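Each remark here refers to the structure printed beneath this line.
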Amino acid sequence: MRLSFNEVRARAARFAKDYADATYEKGETQTFYNDFFQIFGVQRRSVARYEEHVKKLNNKTGFIDLFWPRVLLVEQKSAGRDLLKAEVQAGEYFDAIKEADRPRFQLLCDFQTFQLLDRDTRETSSFTLSDLPKYVEKFGFIMGMEKRSFKDQDPVNIKAAELVGRLHDSLEASGYKGHQLEVFLTRIVFCLFADDTGIFEPRDIFLDFLESRTKEDGSDIGPLLAQLFDVLDTPEDKRQTTLDEDLARFPYVNGGLFSATIRTPAFNAEMRQRLLDAGQFNWSGISPSIFGSLFQSVMDKQERREAGAHYTTEKNILKVIGPLFLDELRVEFEGLKARKTNRVKLLQAFHDRLSKLTFLDPACGCGNFLIITYRELRLLEIEVLREIHRDDLARMKGGATELPLQSLLKIDVDQFHGIEFSEFPARIAETAMWMMDHIMNTQASLEFGAAFLRIPLRKSPAITHGDALELDWQALLPAERCSYIIGNPPFVGAKYQSEFQRAQVRRIAGLGKSGGTLDYVAAWFLKAARYGQGHKVPFAFVSTNSITQGEQVAQLWPTLLDRNGMEIAFAHQTFAWGSEARGKAAVHVIVTGLEPRNATRPVKRLFSYPDIKGEPIETQPKAISPYLTDASALANPHVVVREESRPINGLPRLVIGSKPIDGGHFIFSPEERDAFLASEPQAAPYLRPYIGSREFLNGRLRYILCASQIPPQELRAMPLARAAVARVRDYRLGNIPAKGKGTDSIKAPGISSLALAETPTAFHVTVLPDTPFLVLPRVSSEKREYAAIGLMDPPAVPSDAVTISTGATPEMFAVLTSAMHMAWLRSIGGRLKSDYRYSIGLVYNTFPMPPAKDLAALAPHAQAILDARAKHPDATLADLYDPDLMPADLRRAHHANDRAVDRLYRRAAFASESDRVAHLLGMYEQQVAGMLATQKPKRLRKPS
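Below is the structure:
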């Protein structure tokens with residue numbers, strides 16, 4: 001029978017009284033520790049050994065006074081002896097013990113004084129024998145019960161996953177694969193965890209069963225484990241009376257974990273050893289939330305090599321559940337604690353409400369979000385119960401009375417629902433939820449003195465294996481019963497979706513056959529909004545920041561906010577999401593929380609990140625825009641920027657450069673150009689520098705033959721030029737291949753190869769500027785503070801990898817290279833991978849310009865930037881705008897230009913890029929409203 005901590009304290013008091021006069025190391029140590037272990041209801045001989053022989057690193061022999069492999073090392077001295085010497089001895093013994101057996105805890109004792117060290121946390125506790133009842137919880141590990149701290153980067157989780165991974169590899173190599181292997185490993189992990197955390201009593205009975213009852217060659221492990229799984233699935237009162245005693249010690253688990261029949265794996269000696277290695281590891285420090293994802297990674301060897309990158313940190317999960325509901329619950333709890341009247345009654349009502357909250361994660365994976373949410377609710381429940389029973393707890397300190405936790409603890413795993421596409425992570429999620437349930441039950445037991453264990457498992461989390469976009473969420477959890485939706489749906493860009501996935505997004509978004517360019521995650525946003533309509537169900541998801549940039553904004557957010565009646569309640573702007581462990585995989589994401597408009601909270605919360613890897617700064621605007629900026633000043637906080645075919649801001653048109661569709665046969669390297677001109681020098685005016693983004697940024701040189709500009713009578717006299725024209729015609733007809741990689745494709749959409757072949761001297765798109773022109777790369781690295789915009793002169797020919805304006809002025813250059821315009825580009829423009837994509841229709845044509853009458857003041861600043869560039873003639877634009885290489889004089893020139901441009905927009909300085917975007921969105925809103933006001937209404941046709 002599991003002892004309560006109140007009973008343990010009472011036994012500790014009796015022990016302290018019985019041994020008040022104990023002093024002699026040799027004569028009383030064994031009796032002392034036999035009785036000490038009885039305090040916790042544990043037979044010492046079942047777990048620990050006396051006088052363990054060990055060969056120290058100096059080759060001298062020593063004897064550990066008491067040794068419990070992997071758990072406890074005791075160095076005992078007679079009363080009054082110096083424990084410093086005992087500490088040195090214990091350290092020597094610890095170093096000499098083989099790594100697999102090194103204990104977590106070290107106890108130094110002289111009968112009257114205790115010094116306990118936790119080698120994992122480095123926490124040390126010192127106390128006298130008479131104070132043992134006050135400190136006895138520190139020895140909860142003897143019963144498998146201890147308070148837990150949770151750390152994102154704790155290497156114990158990765159080590160555990162690696163141990164299971166080795167076992168997995170051995171079994172898979174033997175032909176034991178698929179569903180059978182997944183179920184088997186899930187059961188093994190539960191047993192390993194249960195063996196070290198008090199679910200199985202006494203501790204280590206599973207490991208002892210493996211070590212003492214199985215053959216070294218492993219031949220009998222499979223059948224014995226199958227028998228054990230059957231025992232774990234059978235209530236104690238229904239087991240055979242002739243059942244083996246070692247098996248009969250295991251409890252009934254229930255919950256369906258051990259119910260399915262699976263094939264029995266055949267072990268060999270190597271597999272047995274790998275199972276023993278996992279069993280000898282201390283699983284008490286495992287965090288179920290992190291371990292679940294790591295455990296999943298063992299099924300893929302490539303993923304396992306970067307295992308540290310395959311879990312979501314708890315800190316980041318709290319960024320979702322904190323603003324969604326947890327922060328408000330805690331604020332409400334603090335208010336109830338301070339009440340002078342009806343405090344207990346209101347706290348009981350609050351506790352009852354916590355027990356009725358339900359949660360849905362429709363892309364739950366291994367259950368990380370559900371597990372952390374469950375843990376945080378259970379921790380809050382413990383605090384609530386502590387307040388409700390404050391007076392009872394004060395009276396209990398000196399007595400053996402204890403709270404009836406069985407009836408007091410109300411929050412349980414069946415409040416949590418999940419949907420997961422793959423079966424294995426779905427099963428892991430269930431197991432990890434039960435693991436966290438046990439950890440929190442232990443926490444409650446330690447807090448209130450009563451022993452509380454939910455074994456057999458009475459309730460289960462509702463984890464459904466299936467496709468969340470195909471399932472009816474109402475059938476799994478009716479929306480009227482759902483309190484919150486949370487999660488981290490899959491990130492799949494529009495270009496990378498399968499045909500089936502693209503069809504799902506089209507259907508859910510209702511955007512017609514094309515389906516737009518929505519990421520896969522957008523479908524979860526839309527489905528969650530529709531699911532909660534009329535039932536006031538808030539939700540918060542992690543997503544890539546692409547759904548708040550580029551074309552997706554106008555496709556997703558009007559539907560989400562206006563058609564589905566939602567409002568953005570809180571948001572985290574772009575930050576680095578992921579693990580700092582091995583692999584260091586991180587993706588830039590946002591967190592967005594939405595709620596129905598008819599139940600919106602008065603205060604919104606917006607978290608911005610000056611450093612995407614740092615801590616956020618919180619503001620509380622009246623409204624948040626789809627670009628995750630402060631929308632307080634907008635007449636319509638839902639305003640989205642729509643692509644325009646022409647500039648609506650007074651800027652000259654921007655166009656894409658020349659697109660030859662020539663298979664590279666008109667394009668020459670400097671060496672090829674020199675050789676060409678050596679034979680046909682008259683072609684020199686027509687071989688013009690060809691400027692794409694690479695040439696523009698990196699100073700490379702290419703040339704293009706502008707054959708359409710050569711008069712026919714001159715072309716007749718140029719055999720090399722005519723040969724190039726012939727090759728282009730043959731390429732367009734499909735008779736010869738392209739000259740090299742990276743050339744325009746004749747098979748591109750909208751191109752008629754036969755029509756182009758009829759005019760082989762002409763480009764598909766011809767742009768040959770005869771005046772200075774502004775060049776803007778179509779893609780800019782996310783690392784650059786400023787996009788590398790430049791001015792160029794004829795005879796250069798821009799390629800379609802850049803966009804140009806032939807009506808450029810220094811003032812226009814100053815505005816477009818400013819921080820103001822960069823903020824617009826980064827927030828409104830889309831992305832190509834992680835780089836910024838400069839869209840003519842979305843970024844340039846819509847950018848709100850300052851008043852034209854004030855622009856003249858910017859000309860000197862434009863010239864200062866160009867002069868600073870000119871001081872570094874050997875540096876490329878890529879060098880100059882690399883944030884680590886940017887020259888100080890160029891940076892100063894840009895910052896001066898930024899201040900000058902900012903002043904044209906408003907007198908008050910802008911606090912951040914987000915502040916700039918919020919201001920620009922207000923100007924854009926006015927700009928569009930002015931356009932609509934000046935448009936002539938369409939005349940109605942008279943009926944015929």
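Just so you know, the numbering used here puts 919 at position 919 of the sequence shown, and the rest follows in order with no gaps.
No residue lacks a Cβ here, since even glycine has one placed at the ideal position from N, Cα and C.
The structure displayed is predicted, hence computed values, not measured ones.
Next on the checklist: Between GLY144 and ARG203, how many whole angstroms is the CB-CB distance? I'm expecting something under 8 Å.
Outcome noted: Your numbering for residue 144 matches position 144 in the sequence shown. Your numbering for residue 203 matches position 203 in the sequence shown. Contact flag correct, Cβ pair sits at about 5 Å.
Checklist entry - Anyone know if the C-beta pair for GLY740 and SER753 falls short of 9 Å? => result The residue labelled residue 740 in the question sits at position 740 within the sequence shown. The residue labelled residue 753 in the question sits at position 753 within the sequence shown. Not a contact, by the Cβ cut-off of 9 Å.
Next on the checklist: Rounding to the nearest angstrom, what Cα-Cα distance links ALA363 and ALA911 in this structure?
Outcome noted: By 1-based counting over the sequence shown, the position of residue 363 is 363. By 1-based counting over the sequence shown, the position of residue 911 is 911. Answer to the nearest angstrom: the Cα atoms are 37 Å apart.
Next on the checklist: Buried or exposed, going by whether 16 or more other CB atoms sit within 10 Å of the CB of ASN545?
Outcome noted: As a first step, residue 545 is located in the sequence shown; it is residue number 545 there, counting from the start. So ASN545 counts as buried.
Next on the checklist: For a minimum of 3 consecutive residues, which ranges assigned as the beta strand (DSSP E) are wholly contained in the stretch 878-925?
Outcome noted: none
Checklist entry - Short check: CB of LEU774 to CB of LEU791, under 9 Å? => result Translated into the one-based positions of the sequence shown, residue 774 becomes position 774. Translated into the one-based positions of the sequence shown, residue 791 becomes position 791. The answer is yes: Cβ separation under 9 Å.
Item to check | Rounded separation between HIS872 and GLU671 - CA only | outcome: In the sequence shown, the residue the question calls residue 872 occupies position 872. In the sequence shown, the residue the question calls residue 671 occupies position 671. Rounded to whole angstroms, HIS872 to GLU671 spans 26 Å at the Cα level.
Checklist entry - What residues match up with LYS659 in a beta bridge as DSSP calls it? => result Position 659 of the sequence shown, counted from the first residue, corresponds to residue 659. Paired residue(s): VAL765.
Item to check | Given 8 Å, three or more beta-carbon pairs between the stretch 323-331 and the stretch 445-460 | outcome: no
Item to check | CA-to-CA distance, ILE804 to SER780, given in whole angstroms | outcome: Within the sequence shown, the letter at position 780 stands for residue 780. Within the sequence shown, the letter at position 804 stands for residue 804. About 15 Å.
Checklist entry - In whole angstroms, what is the alpha-carbon distance linking THR559 and TYR135? => result Counted from its first residue, the sequence shown places residue 559 at position 559. Counted from its first residue, the sequence shown places residue 135 at position 135. The alpha-carbon atoms of THR559 and TYR135 are separated by roughly 59 Å.
Next on the checklist: Please state the DSSP three-state secondary structure of LEU511.
Outcome noted: Counted from its first residue, the sequence shown places residue 511 at position 511. Reduced to three states, the DSSP call for LEU511 is coil.
Item to check | SER827 burial status per 10 Å Cβ neighbour count (16 or more: buried) | outcome: Here residue 827 refers to the residue found at position 827 when the sequence shown is read from its first residue. So SER827 ends up on the buried side.
Checklist entry - Exposed or buried, what is THR242 when buried is set at 16 or more other beta-carbons lying within 10 Å of its beta-carbon? => result Reading the sequence shown from its first residue, position 242 is the one you call residue 242. Exposed.
Next on the checklist: Please report the distance separating the alpha-carbon of GLN106 from that of GLU99.
Outcome noted: For the purposes of this step, residue 106 is identified with residue 106 of the sequence shown, where counting begins at 1. For the purposes of this step, residue 99 is identified with residue 99 of the sequence shown, where counting begins at 1. Rounded to whole angstroms, GLN106 to GLU99 spans 15 Å at the Cα level.
Checklist entry - Between the Cα of PRO465 and the Cα atoms of SER125, GLY650, ALA394, HIS417, which residue gives the shortest distance? => result The residue you call residue 465 lines up with position 465 of the sequence shown. The question names Pro, but residue 465 in the sequence shown is His. Comparing Cα-Cα distances from HIS465 to each of SER125, GLY650, ALA394, HIS417, the minimum goes to HIS417.
Item to check | Where the alpha helix (DSSP H) containing ALA859 begins and where it ends | outcome: By 1-based counting over the sequence shown, the position of residue 859 is 859. That run of the alpha helix (DSSP H) goes 859-870.
Checklist entry - Looking only at C-alpha atoms, which of PRO265, GLU236, ARG263 sits nearest to PRO251? => result Position 251 of the sequence shown holds residue 251. Minimum Cα distance to PRO251 is reached at GLU236.
Next on the checklist: Check this for me: beta carbons of LEU995 and ALA857, under 9 Å apart or not?
Outcome noted: A query on residue 995 cannot be resolved here, the shown segment of the chain reaching from 1 to 944 and no further.
Checklist entry - How is GLY62 classed by DSSP in three states: helix, strand or coil? => result The residue labelled residue 62 in the question sits at position 62 within the sequence shown. It is a strand residue.
Next on the checklist: Bridge partners for SER125 per DSSP, in chain order?
Outcome noted: Numbered from its first residue, the sequence shown carries residue 125 at position 125. According to DSSP, SER125 bridges with LEU116.
Item to check | Burial state of ALA20, where buried means 16 or more other Cβ atoms lie within 10 Å | outcome: Position 20 of the sequence shown, counted from the start, is the residue given in the question as residue 20. With fewer than 16 other Cβ atoms within 10 Å, it is exposed.
Next on the checklist: I need the straight-line Cα distance from VAL8 to ILE39, nearest angstrom please.
Outcome noted: Along the sequence shown, one-based indexing puts residue 8 at 8. Along the sequence shown, one-based indexing puts residue 39 at 39. If I take the Cα positions, the gap works out to 6 Å.
Checklist entry - Beta carbon of LEU132, beta carbon of ALA48: below 9 Å? => result Numbered from its first residue, the sequence shown carries residue 132 at position 132. Numbered from its first residue, the sequence shown carries residue 48 at position 48. Result no, Cβ atoms of LEU132 and ALA48 do not sit closer than 9 Å.
Checklist entry - Within 10 angstroms of its Cβ, does ARG11 collect 16 or more other Cβ (buried), or is it exposed? => result Taking the sequence shown and counting its residues from 1, one reaches residue 11 at position 11. The residue in question, ARG11, is buried, as its Cβ has 16 or more Cβ neighbours within 10 Å.
Next on the checklist: Using the three-state DSSP reduction, which class does ILE568 fall into: helix, strand or coil?
Outcome noted: Residue 568 sits at position 568 when you count from the first residue of the sequence shown. DSSP places ILE568 in strand when its eight states are reduced to three.
Item to check | Alpha carbon of HIS168 to alpha carbon of ASN59, nearest angstrom | outcome: Counted from its first residue, the sequence shown places residue 168 at position 168. Counted from its first residue, the sequence shown places residue 59 at position 59. Spanning the two alpha carbons is a distance of roughly 38 Å.
Next on the checklist: Taking the beta carbon of GLY930 as the centre, do at least 16 other beta carbons fall within 10 Å, making it buried, or is it exposed?
Outcome noted: Sequence index remark: in the sequence shown, residue 930 carries index 930 (1-based). By the 10 Å Cβ count, GLY930 comes out exposed.
Item to check | Sequence-distant residues of the same chain with beta carbon closer than 6 Å to ARG784, five excluded per side | outcome: Here residue 784 refers to the residue found at position 784 when the sequence shown is read from its first residue. Once the five neighbours on either side are set aside, the close Cβ partners of ARG784 are TYR881.
Next on the checklist: Could you compute how far the alpha carbon of GLU172 sits from the alpha carbon of LEU181?
Outcome noted: Your numbering for residue 172 matches position 172 in the sequence shown. Your numbering for residue 181 matches position 181 in the sequence shown. Their Cα atoms are separated by approximately 8 Å.
Checklist entry - Which same chain residues, not among the five before or five after SER460, have their C-beta less than 7 Å away from its C-beta? => result By one-based count along the sequence shown, residue 460 stands at place 460. If we look at SER460 and ignore the five residues flanking it on each side, its Cβ neighbours are GLY255, GLY256, VAL413, ASP414, GLU430.
Item to check | Host alpha helix (DSSP H) of ASP437 (start-end) | outcome: Sequence index remark: in the sequence shown, residue 437 carries index 437 (1-based). It spans 423-448 - the alpha helix (DSSP H) in which ASP437 sits, taken as one unbroken run.
Item to check | Spatial neighbours of ASP233 in its chain, beta-carbon cut-off 6 Å, leaving aside the 5 residues before and after | outcome: What you label residue 233 is simply residue 233 of the sequence shown in a count that begins at 1. Cβ within range, chain order: PHE258, SER259.
Checklist entry - Can the beta-carbon of GLY692 be found less than 9 Å from the beta-carbon of SER799? => result The residue given as residue 692 occupies position 692 in the sequence shown. The residue given as residue 799 occupies position 799 in the sequence shown. Their beta carbons are under 9 Å apart, which means GLY692 touches SER799 by this criterion.
Checklist entry - Any idea what DSSP makes of ASP800, helix, strand or coil? => result As a first step, residue 800 must be located in the sequence shown, where it is residue number 800. Residue state, collapsed to three classes: coil.
Next on the checklist: DSSP three-state label for THR75, please.
Outcome noted: Counting from one through the sequence shown, the residue named residue 75 turns up at place 75. Residue 75 is actually Glu in this sequence, not Thr. The answer is strand: DSSP assigns GLU75 an E or B state.
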